[in-house]
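**Q** Structure provided below as structure tokens; questions to follow.
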Amino acid sequence: MKIISLVTIICCFSLIFDANAQTEYPPHIDGAEEITYKTVDGTSLNLWIFTPEKHKSTNSAPAIIFFFGGGWKTGSPTQFVKHCEYLSARGMVAIVADYRVKSRHGVHPNVCVSDAKSAIRWVRENASELGVDSDRLAAGGGSAGGHLAAACATLPKFDDVNENKSISSKPNALVLFNPALVLATTDDFEKALNEKIGGLVERMGPKPEDMSPYHNVVGKLPPTIIFHGTGDNTVPFISAELFTKKMHKFGNKCTLVAYQGEPHGFFNYGKNSNAVFIDTVNKMDEFLVSLGYLKAPPKTFIYNN
């Protein structure tokens, strides 16, 4: 297996989590610049921005923004800190975003989508100050956060009415980890799965089809990679298969990487001695290299096991 040693280095220096850092809200995240991208109803929503060494505002670096998972109800921006540390070391501006969730703000998922769109729009609007290439702005996330990233690429609704819609909230690439992509019933699902999806109606708030990336796939969507476990009982693997198939039908680039028997959340840092975390980060790196967002790493960074 090919493994980028930089991932291993990050893991070795981060084996012990600070439990308080994972539970406090808003979190304190070392090594990142904290900036408010939106204030609504007295709540400040922040971005934590990791930049490459010697990065300047005059640069035009590729960037990626990650959205945490938690069923649109809970979760922490800290979830993708290790991904950001890795990608900033590789030359990208890497960002974790906060957004409103039900447990803290009493909102439905459509509000989460609105905040995600606002975050991407803010980064693009401020690209020159951040040293970011606004045409190489990827989005990523896990579970509900993966839904938000995909929603920004596919859903025509839920933009904040107070924002400048001439600035696109659509990412240029997607990196998705067991994302929720099918949020309304479909003839391609078995009856049991449709019943499970049908239970989301009250939870969604708006019409489920309007919130479902699968139901809003069209042509000219961003190139996408999806990491998904076949043993996922929370977000069925078949949903990723259906989304990938529909993306291909409309001529979009979409790669589904299956992990046999892996459950929901399998990709997270700190699980299973980080073996799968390392593998998914390695494949994420290769995907971003293929798009020209990253340079192929020097051979000294890679070893074969």
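The sequence shown begins at 958 in the numbering used here and counts up one residue at a time. We put the CB at the ideal spot given by N, CA and C, even for glycine.
With three or more beta-carbon pairs closer than 8 Å as the criterion, would you say the segment 1049 to 1062 touches the segment 1133 to 1147?
**A** Contact fails: fewer than three Cβ-Cβ distances are below 8 Å.
**Q** With contact counted as at least three CB pairs below 8 Å, one residue from each stretch, are the segment 1030 to 1043 and the segment 1118 to 1130 in contact?
**A** As far as the Cβ criterion goes, the segment 1030 to 1043 does not touch the segment 1118 to 1130, which means the pair count is below three.
**Q** Going by the DSSP bridge assignment, what does E991 pair with across the sheet?
**A** According to DSSP, which records beta bridges pairwise, E991 is partnered with W1005.
**Q** Would W1005 and I986 be called neighbours here (beta carbons separated by less than 8 Å)?
**A** Yes, Cβ-Cβ distance for W1005 and I986 is below 8 Å.
**Q** Helix, strand or coil: which one does DSSP assign to D1115?
**A** The sequence given here places Phe at residue 1115; Asp does not occur at that position. Note: F1115 maps to coil in three-state DSSP.
**Q** How about E1042 and F1007: are their beta carbons less than 8 Å apart?
**A** In this structure, F1007 lies closer than 8 Å to E1042 by Cβ.
**Q** CB-CB under 6 Å to D1090, same chain, minus the five flanking residues each way: which ones, in chain order?
**A** Result list for D1090: S1017, P1019, in chain order.
**Q** Within the segment 1077 to 1122, note down every full beta strand (DSSP E) run reaching 3 residues or more, in order along the chain.
**A** Listed in chain order, the complete beta strand (DSSP E) runs (minimum 3 residues) inside the segment 1077 to 1122 are 1089 to 1099.
**Q** Quick one: residues in its chain with C-beta nearer than 7 Å to the C-beta of D1055, no 5 flanking neighbours on either side, listed in chain order?
**A** Counting only Cβ-Cβ distances below 7 Å, and skipping sequence neighbours, we find P983, L1002, N1003, P1034.
**Q** Please state if the CB of F1200 and the CB of Y1171 are separated by a distance shorter than 8 Å.
**A** In this structure, F1200 lies closer than 8 Å to Y1171 by Cβ.
**Q** Let's test the definition: count the other Cβ atoms within 10 Å of the Cβ of P1144 and tell me whether it reaches 16, buried, or not, exposed.
**A** Note that residue 1144 is Asp in the sequence shown here, rather than Pro. Classification for D1144: exposed.
**Q** Leaving out five residues on either side along the sequence, give the residues of the same chain with a beta carbon under 7 Å from the beta carbon of L1248.
**A** Correct list, in chain order: A1130, P1180.
**Q** Tell me which residue opens and which closes the alpha helix (DSSP H) that L1199 is part of.
**A** Element bounds for L1199: 1194 to 1206.
**Q** Rounding to the nearest angstrom, what Cα-Cα distance links G1176 and C1109 in this structure?
**A** Roughly 15 Å separates the two Cα atoms.
**Q** I'd like to know if A1232 contacts chain C, where contact means its C-beta is closer than 8 Å to some C-beta of that chain.
**A** Absent from the structure is chain C; it holds one protein chain and no more.
**Q** Helix, strand or coil: how does DSSP classify F1134 here?
**A** Looking at F1134 - three-state DSSP - the assignment turns out to be strand.
**Q** Does the distance from the C-beta atom of Q1036 to that of N1225 stay below 8 Å?
**A** Yes, the pair counts as a contact, with Cβ atoms nearer than the cut-off.
**Q** Based on the DSSP secondary-structure assignment, which residues constitute the bridge partners of L1268?
**A** Because residue 1268 is not part of the residues shown, which for the chain are 958 to 1262, the question remains open.
**Q** If we count the other Cβ atoms within 10 Å of its Cβ and call it buried at 16 or more, is H1040 buried or exposed?
**A** Label assigned to H1040: buried.
**Q** Since S1196 and L1138 are thought to touch, with beta carbons under 8 Å apart, how far apart are those beta carbons, to the nearest angstrom?
**A** Their Cβ separation, rounded to whole angstroms, is 5 Å, which keeps S1196 and L1138 in contact under 8 Å.
**Q** Which residues share a DSSP beta bridge with C1211?
**A** Partner(s): T1181.
**Q** Return helix, strand or coil for A1277, following the three-state DSSP convention.
**A** As shown, the chain starts at 958 and ends at 1262. That puts residue 1277 outside it, with no answer to give.
**Q** List the whole-angstrom C-beta distance separating D1167 from K1114, where the pair is believed to meet the contact cut-off of C-beta under 8 Å.
**A** Contact flag correct, Cβ pair sits at about 6 Å.
**Q** Going by beta carbon distance, what residues of the same chain come within less than 7 Å of G1188, once the five residues before and after it are set aside?
**A** These residues qualify, in order along the chain: G1218, E1219, P1220.
**Q** So L1178 packs on E1198, CB below 8 Å; how close in whole Å?
**A** Rounded, the Cβ-Cβ distance is 17 Å, inconsistent with contact.
**Q** Reducing DSSP to helix, strand and coil, say where A1232 ends up.
**A** Correct three-state label for A1232: helix.
**Q** Can you tell me the Cα-Cα spacing of L1251 and K1206, whole angstroms?
**A** C-alpha separation (whole angstroms): 28 Å.
**Q** Flag this pair as yes or no: are the beta carbons of M1204 and V1233 separated by less than 8 Å?
**A** No. Outside cutoff.
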